[in-house]
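Encoded as structure tokens, the structure appears first; notes follow it.
In my numbering, the protein residues as written are 44 to 167.
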């Protein structure tokens with residue numbers, strides 16, 4: 044019985060640790076201002092608006108008003124390994140899944156180009 048209790052305690056500690064790391068990434072994402080742009084784009088055959096963020100290295104991709112993924116956004120957040128992709132919101136899951144597949148397939152240079160394009164939109 045003691046072995047089972049230890050395993051459950053360890054599992055709970057592991058899950059709590061994962062939650063702390065995931066929470067810190069989401070907290071960083073939501074606090075960052077991303078209001079440079081927008082640049083209209085298509086991802087997953089639907090309309091999205093790409094905004095550059097205040098760190099000049101990250102972008103937020105927001106569903107366009109005509110998009111069925113109402114109030115949904117993705118973010119590419121720059122980190123020590125390149126970029127991490129996050130998504131949050133509501134809307135048609137088929138639309139967000141299709142966009143996620145396309146965004147997740149982007150390599151680091153494609154994301155960097157998207158960041159540059161969004162940041163350049165502020166100077167137009």
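Where a beta carbon is used, it is the ideal one built from N, C-alpha and C, also for glycine.
Using DSSP with H/G/I as helix, E/B as strand and the rest coil, what is residue i?
| i | result |
| --- | --- |
| residue 84 | strand |
| residue 124 | coil |
| residue 114 | coil |
| residue 109 | coil |
| residue 90 | strand |
Apart from the five residues on each side of it in sequence, which residues of its chain come closer than 7 Å, Cβ to Cβ, to residue i?
| i | result |
| --- | --- |
| residue 75 | 96, 97, 98 and 101 |
| residue 134 | 106, 111, 112, 113, 114 and 115 |
Cβ of residue i within 7 Å of Cβ of residue j?
| i | j | result |
| --- | --- | --- |
| residue 161 | residue 93 | yes |
| residue 80 | residue 142 | no |
| residue 126 | residue 119 | yes |
CA-CA distance, residue i and residue j?
| i | j | result |
| --- | --- | --- |
| residue 136 | residue 87 | 12 Å |
| residue 140 | residue 132 | 12 Å |
| residue 147 | residue 128 | 7 Å |
| residue 28 | residue 156 | Outside the displayed span of the chain (44 to 167) sits residue 28, for which this structure offers no information. |
| residue 77 | residue 154 | 15 Å |
| residue 124 | residue 151 | 10 Å |
| residue 108 | residue 145 | 20 Å |
| residue 89 | residue 103 | 16 Å |
Can you name the residues that DSSP bridges to residue i?
| i | result |
| --- | --- |
| residue 132 | 115 |
| residue 103 | 94 and 118 |
Under the criterion of a Cβ to heavy atom distance below 6 Å, does residue i qualify as lining the ligand HEM?
| i | result |
| --- | --- |
| residue 106 | Among the components modelled here there is no ligand, and therefore nothing to report on the ligand HEM. |
Kindly list the residues whose CB is nearer than 8 Å to the CB of residue i, restricted to its own chain and excluding five residues on each side of it in sequence; keep chain order.
| i | result |
| --- | --- |
| residue 85 | 91 |
For residue i, collect the residues of the same chain with a Cβ closer than 6 Å to its Cβ; drop the 5 residues on either side in sequence, then sort them by chain order.
| i | result |
| --- | --- |
| residue 82 | 93, 160, 161 and 164 |
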